[in-house]
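In what follows, a structure is listed as structure tokens, so that the remarks can point back to it.
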Amino acid sequence: MQRTLRVATALFIGWLAMAGAGVASAEVGTKTTADHSKFKELDKDFQSGPEVTKTCLACHTEAAKQVMHTQHWKWEFVNPQSKQNLGKMHVINNFCTSVQSNLKGCASCHIGYGAMTDKGVQNNEELVDCLACHDNSGAYGKPSGLGGNVLSKDIEAPPGSGNIIKGINLKKIAQKVGKTTRKSCGNCHFNGGGGDAVKHGDLDTSLEDPDEKLDVHMNSDGLNFTCATCHKTDGHQVPGSRYAPTAMDKNPAHIRGKADESNPATCQACHGQKPHNDKNAAKLNNHTNKLACQTCHIPAFARGEIATKMFWDWSTAGKRGEDGKPLVVKNEEGHAIYMGIKGSFEYKENVKPDYIWFNGDVKYTLRDEKVDKSMQPIYINKYLGSPTDGKSMIWPVKTFRGKQAFDAENKTLVVTHLAGADGTAYWKNLNWENAIATGMQTAGMPFSGKVDFIETISQWPITHMVAPKDKAVACNECHTKGGRLEGLPGIYVPGRDGIPLLDNGIKLLALLTLLGVLGHGVLRIFTSKKH
Amino acid sequence: MSEQIYIFKIFERIWHWGQAGLIIFLMITGFEVHGLYSNFGFEKAVNLHTIGAWSLIGLWLFAIFWHLTTGEWKQYIPSTKNVMAMANYYLFGIFKNAPHPHRTTALTKHNPLQKLAYLFILVCVGPLIWATGWLYLFYDQWVAWGLAGSLSLNVIALGHLIGAYAMLLFLIAHVYLTTTGATPLAHIKAMITGWERVH
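Residue numbers (the working numbering), protein chains in the order written: chain V, -11 to 519; chain A, 17 to 215.
Shown next, in the form of structure tokens:
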């Protein structure tokens, strides 16, 4: 009887909680003027992604056209300063190296259906994937290996293997569309580099429901920012790309109604130029002439209890276990530290960033550029800047070290064909020569057939996971010898800097003076006794 | 029977000890700001150092007023007379129980060497510390004042530090020399009570 009562109470409390949640979501729901679940156009068993898109476009007539002009669609970005042709389609990184030749897998994060290198896909509005960004149900996702297509029904892949890939109910998702959420953006951006937290260090699934300590703005019990609150999107153009970062923002805070030209995603776009107003405000506001806000306000990255990858050595890949399958070795936390298909890794949580002078210019080492092994590590992307160029600020970065395949004869970085069920994909066959030959052929690049490995570094801006102000980096973490800014040139940091000769010289001189007067005193005592 | 004369007036004594305390406090906090050791923590050390500096500036305003209105500033006018005799006394005479070459009176409180030392502090070390200290304190305003192009913080900090180091050496010698009065504590007593026992 008592047990029944307890169960009943628990059920009642559970019901109350759910009812509460229902009320809360209804309140949020009231802010939008359109409840998509009431649209008869969406009350339909959609068989494919493009079918959903077609329905969206019936009302949102310009949406796909807008999307097709974006970096999110093209995966291309021409840097306005350096004119380097960047974006996922062109850069080589030191994670899985390139999306080229691996689109079957990588395109599951493309906001379109189908292989994007295909001209037919590039201009077909119905192949824009609205749900990738606008799903509010949290259920949307595109399996890897399908070239960016979504599954509305379960399939067996490969056929006869017994391996079932789950389909999703597109009607339910289409009826629950809305503005982008942390989760909808995070579906791709939290998983960059092939897994949760792997790539950026300041973006991972802990930001889906963060507390104040993890991110003072996105705190789901507080300000509850979404990504788009800062990355204020206009006509599907999402500002704040790391391909052309704003290192120094001297603009005032944005004002509603005013045509503000500057990047809306910077701290200054809301906080302005004099953001501090309590203790030591003048001194702290003055620090903004040399320090990016992030330098003090993001004391560490990977703070959400999910470790980020810090090092990846492809050169050790290729080992198989006793069962003949690629070997996997895990550490105590369950992270794979060795995978036969990928090599060796290092993971870290709560990582103090490195600090550099950064002026917003980034120089990429693209796949047609010569690399010299004697100069390793090679910067995959070098953040440029100096203390004297008048454009640089001190920025926190994640330094990701890698060791990856390169063409030993042509001396270029290479596109590695990793994903796929074919006879050359590395993850299936563990043969570098064949995998690179296919990768380079796909990219239209020459390959000598000689493979060697080269150490590389990629730099990632640290700009998310902003801590509450009382958790900001304290003064003495930089104003000290051996502190966070140790070795950073071109700036006098009180407490860090000095002239060792002078500082040691004065100690000696003070000691000599002390000994001198003490000697004088002793002599006085001695001689006064004699007299 | 020893003779006692009244040398240091009440304001002078308050000024002296206030200044002594503040200078030692500024050294403790200042050397921490420079990173020689850590005690308060950088942030607190900077704030305390700033409070100390403003307090000393306030004290000096009173002291300058007092010196000008009482004519006591004349005590610091240097003279070359007896300088060698004083040096000779400290180097040799003091060990032979020779008579002190300077006779302290209310009108000549400081011996000629003392005058020179204080004048050096007043004319060289003081202005160096004050000028660099103010610029350091108002670093935030350099751009507004048009100084950002011509000054660099490391030069200002270096000047301030050299001044501080000079004060440290002065302090060691100064404290020791207080013991060279008629009795080892005579000078200190005079600085506390105003009354000096003369030779």
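Beta carbons: idealized from backbone N, C-alpha and C, even for Gly. Just so it is clear, the structure is predicted and the values come from calculations on it, not from any experiment.
Would you verify that the beta carbon of ALA173 of chain A is, or is not, closer than 8 Å to some beta carbon of chain V?
yes
How many Å lie between LEU401 of chain V and ILE424 of chain V at the Cα?
10 Å
Quick one: residues in its chain with C-beta nearer than 8 Å to the C-beta of LEU38 of chain A, no 5 flanking neighbours on either side, listed in chain order?
GLY68, SER71, LEU72 and LEU75
Return yes when the Cβ of VAL439 of chain V is within less than 8 Å of the Cβ of ALA393 of chain V, no when it is not.
yes
In chain V, which residues lie less than 9 Å from VAL49 of chain A when you measure between Cβ atoms?
HIS467, PRO482 and GLY483
Between the C-alpha atoms of ASN200 of chain V and ASN179 of chain V, what's the straight-line distance to the nearest angstrom?
Looking at the sequence itself, residue 200 of chain V is Glu, so the reference to Asn does not match. If you take the alpha carbons of GLU200 of chain V and ASN179 of chain V, they lie about 22 Å apart.
Under 8 Å between C-beta atoms, does TYR53 of chain A make it to chain V?
no
Taking LYS160 of chain V as part of the alpha helix (DSSP H), name the residues at either end of that continuous run.
158 to 162
In the DSSP assignment, the beta strand (DSSP E) including LEU449 of chain V goes from what residue to what residue?
Strictly speaking, residue 449 of chain V in this sequence is Pro, with Leu absent from that position. Unbroken beta strand (DSSP E) run through PRO449 of chain V: 439 to 449.
Compare the Cα-Cα distances from GLY437 of chain V to each of V:GLN429, V:THR444 and V:GLY486 and report the closest residue.
V:GLN429
Residues near HIS242 of chain V in its chain [Cβ-Cβ closer than 8 Å; skip 5 each side]:
ASP248, SER250, PRO252, ALA257 and CYS258
Given 8 Å as the limit, is there contact between the segment 341 to 350 of chain V and the segment 372 to 388 of chain V, that is, 3 or more CB pairs closer than that?
yes
Let me make sure I understand the geometry here. Which of V:LEU195, V:ALA95 and V:HIS24 has the alpha-carbon closest to that of HIS48 of chain V?
V:HIS24
Going by DSSP, name the residue or residues bridged to ASP333 of chain V.
Per the sequence shown, the amino acid found at residue 333 of chain V is Phe instead of Asp. Beta-bridge pairing links PHE333 of chain V to V:TRP300.
Starting from ARG213 of chain A, follow the beta strand (DSSP E) in both directions and report where the run begins and ends.
211 to 214
Over the uninterrupted beta strand (DSSP E) stretch that includes ASN369 of chain V, give me the two end residues.
366 to 371
Is the beta carbon of PHE333 of chain V within less than 7 Å of some heavy atom of the ligand MN?
Absence of the ligand MN is noted for the structure shown, with no ligands found whatsoever.
Look at the alpha carbon of PRO200 of chain A and the alpha carbon of THR194 of chain A, and state the distance between them as a whole number of angstroms.
7 Å
Could you confirm whether any beta carbon from chain A is found closer than 8 Å to the beta carbon of ASP458 of chain V?
no
Span separating the alpha-carbon of HIS205 of chain V from that of GLU421 of chain V:
48 Å
Can you tell which of A:ILE93, A:GLY162 and A:LYS125 has its C-alpha closest to the C-alpha of MET207 of chain A?
A:LYS125
Below-8 Å beta-carbon distance, ILE23 of chain A vs any chain V residue
no
Using the Cβ count rule (16 or more neighbours within 10 Å means buried), how would you classify ALA114 of chain A?
exposed
Roughly how many angstroms separate the alpha carbons of GLU64 of chain V and MET77 of chain V, rounded to a whole number?
6 Å
Nearest to LEU272 of chain V by alpha carbon, out of A:GLU59, A:LEU185, A:ALA160 and A:TRP31?
A:GLU59
Go ahead and label ASN347 of chain V buried or exposed: buried means 16 or more other beta carbons lie within 10 angstroms of its beta carbon, across all protein chains shown.
buried
Of the residues that make up the segment 150 to 176 of chain A, which ones have a beta carbon closer than 8 Å to any beta carbon in chain V?
TYR155, ASP156, VAL159, SER168, LEU169, ASN170, ALA173 and LEU174
Contact set between VAL505 of chain V and chain A, taken where Cβ atoms lie within less than 7 Å:
ILE188, ALA189 and TYR192
Between MET104 of chain V and ASN137 of chain V, what straight-line distance do the alpha-carbon atoms span, to the nearest angstrom?
11 Å
Name the two residues that bound the continuous alpha helix (DSSP H) containing ILE39 of chain A.
26 to 49
Other residues of its chain near ARG291 of chain V: CB distance less than 7 Å, five sequence neighbours each side excluded
LEU202, ASN338 and MET453
Looking at chain A, is there any beta carbon in it that lies within less than 8 Å of the beta carbon of ALA280 of chain V?
no
Quick one: give me the first and last residue of the beta strand (DSSP E) that GLY390 of chain V is part of.
381 to 395
Expressed to the nearest angstrom, what Euclidean distance is found between the alpha-carbon atoms of ALA147 of chain A and ASN207 of chain V?
47 Å
For TRP415 of chain V, is the classification buried or exposed, using 16 other Cβ atoms within 10 angstroms of its Cβ as the cut-off for buried?
buried
Are the CB atoms of LEU372 of chain V and TYR231 of chain V nearer to each other than 8 Å?
no
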